[in-house]
Structures are given as C-alpha cells and as structure tokens.
Ligand SMILES: Cc1cc2nc3c(=O)[nH]c(=O)nc-3n(C[C@H](O)[C@H](O)[C@H](O)COP(=O)(O)OP(=O)(O)OC[C@H]3O[C@@H](n4cnc5c(N)ncnc54)[C@H](O)[C@@H]3O)c2cc1C
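Residue numbers (our numbering): 1 to 418.
Here's what the structure looks like:
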C-alpha cells in the first residue's frame, strides 16, 4: 500500500519504520526542515516504561491548586489561554479524576509503555542506533517522609499492574545514584523503577529516519499539511503547501496540531498543547552527575543523564499554542539540577527549550482506525510520547496490516471520545 504519514516527530517516524518494514511504500510529510524538530526535540529523555501515570488522578484538582501557589510551581495557567476550548478540555480532564477512571487509564497506558519496552529492545538489537541509551532505571526521589509514607495507593496500583518497582531507603538511593551522596540531607528515600531507561529522543528519531530511508521511506520536508479531503466518509487526498497528495492510507501524527486537521471532518480530538520546558547542560564533572533519571517528586522535575549532557525537564503550562521561552520558567529546572547535582553541569551554557505535549484528558494516546475510511491515528501521547513511541507504532502497523496485534487495542482508538 502507498501510505502517507503526516508529521515527522518520534511518532511519525516510528510509524513510518514499522509500516515500511511490513512492505509498504511510505512517505512522511513534515513542515520543518528535518525530523523531531518540535516536541520530540528536547523532552526530558525518560523512557519511563514503569513510571507511567495518568495526570488525572483522585485528589489532583486540589493538589494542582496547591502546586500553582507554590514557589517554583510545577503547574501554571496563563490567563490569556483561558477560553472556552481550554476550559472544556480541563473539564474533560476533571472527569477522569476518579479512582475508577485512573485505574482504567493507567492500565491502558502501562499496556503501551510495557509493550514499547519490548519493541525498543527488539529495535536496538536489530539496528545500531546511537541515542545515548542507558538502561539503569528511574528513581522517584522523595524530599520528605510524609510524602513518602503516602504512596500506598500508588504501590497498590503498581502491584496490580505488575510493574517492577522497589521502595528504597536513603542509602540505596545513593547506591543507585552515587552523586546524591553530595546532597545527602535533601531527601529521605525513593521509589525505584529498575526497568526504566533513558535516551535522547531527537538523536533517536534522526537515526531511525536514516534506517527508514534504507527501507525506501521518502521524506517531504518544508511541506505543510493544510487539509484532508474526504468524500463519502473516505479520505481522497491531502492538500499540502506543495500540492495534493494521494495514498491508500493516511496516518495522523501531528502531535498537538492533530485536532485542527480532523475537526472539518467532524472528529473532535481532545488533544491540548500542554507546554513544558527543558534545560540541557554540558557535563563538567561526571562524578557529580546522575547515572540515569532522578524524578524530583516535590517539583515534578526530571533530571536525566545523556552521555556527556544532563537534561532537566518539567513544568505543565496551560498557555495554548504559545511557544515563547519565558526566562522565569528556567527557574524550576535550574533550581532542581543545582540542588540535587551541584557542580555537575555547565548552567551558563545550557540550552533552554520548550515544547507542547499533545495531551488527552485521560493521558491515553489515540491509536488506530478513525471513523473516516483510510484515516488512521497515532497521536495524543502527552507526557510519554517518547516512552510509548515504539509500542504505539508497532501496534498501529499491525492494525493497518489487519494482523493480530501482540497487545490488546481496547480503549485506545478515538472511538472512546465519540
Ligand atoms: C518538557 C517536556 C518533557 C517531556 N519529557 C518526556 C519524557 O521524559 N519521556 C517521554 O516519554 N515523553 C516526554 N515528553 C513528551 C514527548 O516529548 C511527546 O509526547 C512526543 O514528543 C510527541 O511526539 P509526536 O511525534 O506525537 O509530536 P511532535 O514531536 O510534535 O511531532 C509532530 C510533528 O508534526 C509536524 N507538524 C505539525 N503540524 C503540521 C502540519 N500542518 N504540516 C506538517 N507537519 C506538521 C511538526 O512539525 C512535528 O514535527 C515531554 C514533553 C515535554 C514538552
């Protein structure tokens, strides 16, 4: 089949890879000059197969209000972004904050995350991709005992979902992350996810695009997707800034920009652009740097080790499609890396970046067929698009190929919103 993949982020390129591997003639259409130039560029780098949580959870609305008041707030709502669309999306997210919805959503997410770990292992065994990949786990680090004592419900849900984890004391945190010995008084213990990994999503996507080219995948860069043309509930063509393109199937991977394309077709895709920031520091003293990922629970900031760099990512800002880099938003990331890993990185020469997480209200991605014939979706991966990329893309390819999938597709398609 001739297949057009719309969008060249990590989800688009991964989709192209699995589709090309199964023998299709694939073209990726991307408005930037290369792949992974938008949200897949500077994410926190966590392959958090076990540390997979929906944002909507019981108690979150109350906690979110507390976080907003906090110095170095992990969540911010920009007043200019408050309109009917934003409020409507927030209401949908509120509906997902029940215990039952949380368990359903977490199970769906974990299914994709765990499958992604398996697919990533297969992929790295098959190719020689270089993306600063490390398989040394994630530690969720607790700064106070009260917080650590209150994670009982989380542990229950991890056991229920079969996620490998361990509650570790202060000294065991240092055994896993020796540089934490320098700030030993700042934390009390942690929750370890030993099967989690790290890696540079941008480097990975560039490498995978090269592998795709070897399979014949074509990339049309500097090409904007303008509209999808349909007739009798079937896509006929895609209108791009460089003309009309036709195919046998179309895969929507436009991240936060996906809803605009399908709205004229009558599909309301509840994906919100949840802004986040990252800092990337060149390492100046490797002994003081993390080995893998440390997630600072108090500030919701992740500090991740790449080979010779440290990536620090966090913040959820409701600011619509505003991509301005606000200098004051450096503070939470700068504070956490200086506080937990002082002297490890060159803060003066850090790269400051922001991106828009394509968030669904239930935090579950949208993968599979759509109500319109020939149109498929692989989008809405929110906070975990890098983590879930491989499982989502393999699943999508199996759906398009009408093959039996290796994991259930229950609750993943856009049908759950219709
Ligand atoms: C601060 C931050 C930290 C994060 N940390 C992590 C993490 O540690 N682990 C994790 O798993 N995930 C993380 N994420 C989330 C992850 O980065 C995203 O879920 C993922 O990158 C989404 O990939 P995508 O391919 O769907 O979207 P994108 O990367 O945005 O790709 C969409 C592509 O579509 C193109 N496009 C859009 N509109 C058009 C159009 N009209 N025509 C042509 N092309 C178009 C864009 O240029 C873009 O390249 C983080 C995100 C942020 C912002």
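Virtual Cβ for every residue (Gly too), placed ideally from N, Cα, C. A quick note: this is a predicted structure, and the numbers were derived from the prediction, not measured.
- Residue range 301-305 is occupied by the beta strand (DSSP E) that includes residue 304.
- In the DSSP annotation of this structure, the continuous segment of the beta strand (DSSP E) that includes residue 278 starts and ends at 272-282.
- For residue 351, the CB contacts under 6 Å within the same chain, skipping 5 residues up- and downstream, are 280 in chain order.
- Judged by DSSP in its simplified three-state form, residue 311 adopts strand.
- If you draw a 10 Å sphere on the C-beta of residue 98, you find fewer than 16 other C-beta atoms in it, and that means exposed.
- For residue 90, the uninterrupted alpha helix (DSSP H) segment begins and ends at 84-95.
- Annotated three-state conformation of residue 295 is strand, per DSSP.
- Here DSSP, grouped into helix, strand and coil, assigns residue 237 to strand.
- 8 Å or more divides the Cβ of residue 379 from the Cβ of residue 361.
- Remark: C-beta atoms of residue 179 and residue 341 approach each other more closely than 8 Å.
- Setting aside the 5 residues that flank it on each side, residue 57 is surrounded in the same chain by 97 and 102, each with a C-beta closer than 7 Å to its C-beta; the list follows chain order.
- Residue 373 is bridged by DSSP to 234.
- A straight line joining the alpha-carbon of residue 300 with that of residue 192 spans about 16 Å.
- A distance below 8 Å between beta-carbons, with the five flanking residues on each side excluded, links residue 21 to the following residues of its chain, in chain order: 215 and 397.
- Contact annotation: residue 112 and residue 388 have beta-carbon atoms nearer than 8 Å.
- Going by C-alpha positions, residue 39 is about 18 Å away from residue 223.
- Residues 202 of the same chain have their beta carbon placed closer than 6 Å to that of residue 41, with the five preceding and five following residues left out of the count.
- Here the alpha carbons of residue 211 and residue 140 stand approximately 34 Å from one another.
- Taking each of 369, 106, 272 and 195 in turn and checking the Cα distance to residue 84, the smallest one comes out for 272.
- Ranked by how close their Cα comes to the Cα of residue 14, the residues 391, 142 and 172 have 391 in first place.
- Here residue 349 really is in contact with residue 282; their C-beta atoms are around 6 Å apart, less than 8 Å.
- For residue 33, there is no enclosing alpha helix (DSSP H), as DSSP marks it with neither H nor E.
- Contact check for residue 235 and residue 373: beta-carbon distance about 7 Å, within the 8 Å limit, so the pair qualifies.
- If you draw a straight line from the Cα of residue 303 to the Cα of residue 46, it comes to about 9 Å.
- When 247, 346 and 77 are compared, the shortest CA-CA separation from residue 2 is found for 247.
- If you look at residue 219, you'll find it in the beta strand (DSSP E) that goes 218-220.
- A contact between stretches requires three or more CB pairs, one per stretch, nearer than 8 Å, and the segment 179-189 meets this requirement with the segment 283-294.
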